[in-house]
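Enquirer: Just add 212 to the spot in the sequence shown (first one is 1) and you have my numbering. My questions all concern the structure below.
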Amino acid sequence: MQHGANPNAKLCGGETPLSKAISIEKLNIIKELLIHGADPNAKLCGSETPLSKAISIGNSDIIHELLAHGADPEARLCGGATPLTRALAMENNEVVNTLVNFRAE
């Protein structure tokens, strides 16, 4: 990115560098992308967002980082679910607590 790379460039299948970094759980790369302007609310495939992808993986550190950089904790997912309802359905208390700390409903 120091040489002008776009942190929001769309890759094959609608993925972004941020969503790829989330998939492989590379927190240091996620932080760098967010610092350099990666959109934590970018629409990926369908109604998926970086936050919903991180919730599916269940990594609360990534979720915290996304929320700290402006990810919408109320963004509706496919079927109208919220990130919090998805985390509750997955029975992941750590993720639920992270979302609640950022005022997710």
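Just so it is clear, CB atoms sit at the ideal spot from N, CA and C, and this is done for glycine as well.
One question on the structure: do proline 252 and leucine 279 come within less than 9 Å of each other, judged by their Cβ atoms?
Expert: Taking 9 Å as the Cβ cut-off, proline 252 and leucine 279 qualify as a contacting pair.
Enquirer: Taking C-beta to C-beta, are alanine 266 and isoleucine 274 nearer than 9 Å?
Expert: Contact: yes.
Enquirer: Alpha carbon to alpha carbon, how far is alanine 221 from serine 264? Give it in angstroms, no decimals.
Expert: Straight-line Cα distance between these residues: approximately 19 Å.
Enquirer: In whole angstroms, what is the alpha-carbon distance linking threonine 310 and asparagine 271?
Expert: Threonine 310 and asparagine 271: Cα-Cα distance of roughly 10 Å.
Enquirer: For asparagine 240, count neighbouring C-beta atoms within 10 Å of its own C-beta (all shown protein chains included) and say buried if the count is 16 or more, exposed if not.
Expert: It is exposed - the Cβ of asparagine 240 has fewer than 16 other Cβ atoms within 10 Å.
Enquirer: For glycine 282, which residues in the same chain have their Cβ closer than 6 Å to its Cβ, ignoring the five residues on either side in sequence?
Expert: Pro252.
Enquirer: Whole alpha helix (DSSP H) runs in the stretch 243-300 with 4 or more residues, listed along the chain?
Expert: Counting only runs of 4 or more, we get 262-269 and 272-280.
Enquirer: With 16 as the cutoff for other CB atoms within 10 Å, does asparagine 304 come out buried or exposed?
Expert: Asparagine 304 is buried by the Cβ-count criterion.
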